[in-house]
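S.K.: Residue numbers (this note's numbering): -2 to 146. Idealized CB from N, CA, C, for every residue including glycine. This structure is in structure tokens; I'll ask about it shortly.
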């Protein structure tokens, strides 16, 4: 099944959870997509391999960055009607507090979409959504239609 067919099938069935099948790295990291209360959310299920500072213990910042970047890509796949997997141009992460050894959530908001570039903002939290642990802003290359040739 092609990317376009997989995305279309997931949308028709209302199953955004299938988007995580597209990225093997996400499966390895324990990052998945959930559709809860009308929102598309990224979930990174806690495992010991995600710890960066065993003394606290605290999640490695790179794992939080991966959660937020993946959540942005899932949101773009769902909203932007791209025919290729979005590619990261740049992403900036602001770490606000240490991530504890529990599941982490993220929500991406497509702030602007042009013909080739989309701007996305992402917030990550753990138990309390009102207390984000990190915020990211990124630009992604998208291809909304097939290129002739």
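(1) Excluding sequence positions up to five away, which residues of its chain have a Cβ less than 8 Å from the Cβ of residue 123?
(2) Ordered along the chain, which non-local residues of its own chain (more than five positions away) have a Cβ less than 6 Å from that of residue 83?
(3) Can you tell me which of 121, 81 and 89 puts its alpha carbon nearest to the alpha carbon of residue -1?
(4) Are the region 49 to 58 and the region 13 to 21 in contact at 8 Å, needing three or more beta carbon pairs?
(5) Determine, using beta carbons only, whether residue 134 and residue 89 come nearer to each other than 8 Å.
(6) State the start and end residues of the unbroken beta strand (DSSP E) segment that holds residue 196.
(7) CA-CA distance, residue 146 and residue 112?
(8) Within its chain, find whatever has a CB closer than 6 Å to the CB of residue 23; leave out the 5 residues flanking it on each side and keep chain order.
(9) For my contact list, residue 28 and residue 5 are in at a C-beta cut-off of 8 Å; report their separation, rounded to the angstrom.
(10) Looking at the unbroken alpha helix (DSSP H) that takes in residue 7, where does it start and where does it end?
(11) Indicate the three-state DSSP secondary structure (helix, strand or coil) for residue 68 in the structure shown.
(12) Does the beta-carbon distance from residue 65 to residue 119 come in below 8 Å?
(13) What does residue 36 pair with, by DSSP beta-bridge criteria?
(14) Taking only the alpha-carbon atoms, compute the straight-line gap between residue 141 and residue 9 and give it to the nearest angstrom.
M.R.: Looking at the coordinates:
(1) 96, 97, 99, 100, 101, 102 and 130
(2) Here the set comprises 70, 73, 137 and 139.
(3) 81
(4) no
(5) Judged by their CB atoms, residue 134 and residue 89 are nearer to each other than the 8 Å cut-off.
(6) Since the displayed the chain opens at -2 and closes at 146, residue 196 lies outside it and no answer follows.
(7) Low confidence applies here, because residue 146 scores a pLDDT of 49, under 50, leaving its location unreliable and the question unanswered by this model.
(8) 17 and 67
(9) Residue 28 to residue 5, Cβ: 22 Å. No contact.
(10) 0 to 10
(11) helix
(12) yes
(13) 33
(14) 18 Å
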